[in-house]
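To convert, count from 1 in the sequence shown and add 2; that's our numbering.
All residues carry an ideal CB built from backbone N, CA and C; glycine is no exception.
Please read all numbers here as calculations on a predicted model, not as lab measurements.
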Amino acid sequence: MDLTGTSRTGPGRLDPLHRRRLTRAVERALRGTGRARLSVSACDLTTGAGYSYGTARRFVTASIVKVDILAALLLRLGRQGRSLDGPQREQAARMIIDSDNDAASALWAQIGGAAGLSEANEALGLRETTATGAGWGLTGTSARDQIRLLRALAGPGGPLAASDRELIWEFMGAVNAGQRWGVGAAAGSAGRVALKNGWLPRSADGGLWVINSIGRIRDGHDYLIAVLSDRNATKEAGIALVERVAVTVMDALRQTTSR
3 MDLTGTSRTG PGRLDPLHRR RLTRAVERAL RGTGRARLSV SACDLTTGAG
53 YSYGTARRFV TASIVKVDIL AALLLRLGRQ GRSLDGPQRE QAARMIIDSD
103 NDAASALWAQ IGGAAGLSEA NEALGLRETT ATGAGWGLTG TSARDQIRLL
153 RALAGPGGPL AASDRELIWE FMGAVNAGQR WGVGAAAGSA GRVALKNGWL
203 PRSADGGLWV INSIGRIRDG HDYLIAVLSD RNATKEAGIA LVERVAVTVM
253 DALRQTTSR
């Protein structure tokens, strides 16, 4: 599967011309956004088409790491022959559906913090995600690595049990209405969306905003997409940027099936 923009053209692939056009469209979306930085990675699991932009850039996760925390917890419990107990399931639901920070901190401690997340990410195949003792929301990652995480959740062959993967998608599909912005804007009226967003004003950037969105869209095809951004002037401006890019990239991937 092409996640880097370097594979040969083939059925369902973005050919070099369409890839260049898509890159120009992404860059147009960034115009007028000041210091904002962005990276996007997306793939169509049905056709094998994929596209990435800004792959060398790294971002802090903010709350999208909560998906990774839950995957790490389920992986740890599975290795112990256990499953979520009642309180853990409640905390996991609140962490994903409501983006509850207290629940995330409690489960972060249960996985062993940064060391536990790093151990899980090695098993999940992540290569560019770095946990830190400074806090779960400051975990460093890339859009490409977030696709690796979503792929580990989307198909068989990974370290997580099918029931655990399904639970994560169930929670991501039930995110509160007020948090269904981001990649969900690219779903269209017929698409089913499972997503998790992250938002954080960073003192290190003078209060500029990190706005991230990862998710899965199923509308006859099965798409994974991650859009990460930082240095946005406001939360609203960052959301608008992420949504513009998500729609642009998803439209291009859909067109590969109609050419």
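Asked                                                                                                                                                                : Found
Which residues in the same chain as Val28 place their Cβ atom closer than 8 Å to its Cβ, once the five residues preceding and following it in sequence are excluded? : Leu40, Val42, Tyr55, Val247, Thr250, Val251
Going along the chain, which residues of its own chain have a beta-carbon closer than 8 Å to the beta-carbon of Leu75, five neighbours each way excluded?            : Leu86, Gln90, Ala94, Leu109, Gln112, Ile113
Count the other CB atoms, across all protein chains shown, that sit within 10 Å of the CB of Asn178; report buried if there are 16 or more and exposed otherwise.    : exposed
Determine the direct distance from the alpha carbon of Ile216 to that of Arg21, and round the result to whole angstroms.                                             : 21 Å
Distance, Cα to Cα, Leu32 vs Glu168?                                                                                                                                 : 35 Å
Between Asp147 and Leu162, is the Cβ-Cβ spacing less than 8 Å?                                                                                                       : no
By how many angstroms is the C-alpha of Ala164 removed from the C-alpha of Gly83?                                                                                    : 14 Å
Determine contact between the region 44-60 and the region 235-245, defined as no fewer than three beta-carbon pairs at a distance below 8 Å.                         : no
What residue does the alpha helix (DSSP H) around Asn123 start on, and which one ends it?                                                                            : 115-126
To which residues does DSSP link Leu197 through a beta bridge?                                                                                                       : Gly217
Can you check whether the CB of Ile98 is closer than 8 Å to the CB of Lys68?                                                                                         : yes
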